[in-house]
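As numbered in the working numbering, residues 655 to 853 make up the sequence shown, in order.
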Amino acid sequence: MPSTIATPVHSELIIKKSRFIGCVQPMTDRASAQQVVNGLKAQHPGACHVCWALLAGGQSAAVDDGEPSGTAGRPMLDVLRHQDLEGVLATVVRYFGGVKLGAGGLVRAYTDSVAQALLQAEKTAIVRQRALRCALPYAMEGMLRRELDAAGATLLEVQHGEAVLFDFSLADNAADALLARLDEAGNGRIVWHDTPDPD
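Shown next, in the form of structure tokens:
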């Protein structure tokens, strides 16, 4: 099951006089990640490189920022993937110490910077949510509310018209069981609708 991290955590390594400042933090999208990276560049004007990797849905990224291709961003991304993380940005700011590390040394340094930060990270499992919408007679509203409460669903909106329209979400792995219970209890009087696409 994929996890994310709760709060930003940092690491710092000195390798052959080069200083590597690592950070892993929760991140939802590439645009937000780019803002963080730009902020780090402004914060560390003397740094040689600000390399980063992002896993956020379809918006993953691996950026070497001037390091030899494949020696920074990709290894950092591999650490995130190996730990089955999602919605996480890893950044490493490097101050060059005058001694070249070689490709293998760079891969190890960037990998270790991210791995060290992740050792301190508080991971939380990502529970996929499913959005559902149904219409039902007024007489069944109380029953539906009790079922949703018992299933741990989040009630998003209720509209009262000719029927009662409920929008709610719950953990994807609990949705099928709830649907089966409601269909049985409703005797065909609960009508399921497509949920509107999120904006």
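For glycine and all other residues, C-beta sits at the position ideal for the given N, C-alpha and C.
How would you call residue i, buried or exposed, if buried means at least 16 neighbouring beta carbons within 10 angstroms?
i: L772; result: buried
i: D848; result: exposed
i: P852; result: Bear in mind that a pLDDT of 49 at P852, under 50, signals an unreliable position, so the model cannot answer this.
i: H814; result: exposed
i: R748; result: buried
i: L810; result: exposed
i: V753; result: exposed
i: G796; result: exposed
Using alpha carbons as the reference points, say which of the options lies closest to residue i.
i: Q679; options: N841, P662, I668 and A685; result: P662
i: F674; options: T765, A660 and G842; result: T765
i: A763; options: D837, C705, Q737 and G712; result: C705
i: D826; options: I780, L755 and E816; result: I780
i: D732; options: L824, S767 and G751; result: S767
i: S723; options: A710, L709, E740 and H703; result: H703
Please check the pair residue i and residue j, which I expect to be a contact at CB under 8 Å, by giving their CB distance rounded to whole angstroms.
i: A829; j: R784; result: 4 Å
i: L760; j: T725; result: 4 Å
The region 663–671 in contact with the region 715–724 per 3-pair CB rule at 8 Å: no
Whole alpha helix (DSSP H) elements within the region 702–740, 4-residue minimum: 727–736
Any beta strand (DSSP E) of 3 or more consecutive residues that is wholly inside the region 662–707: 663–669 and 672–680
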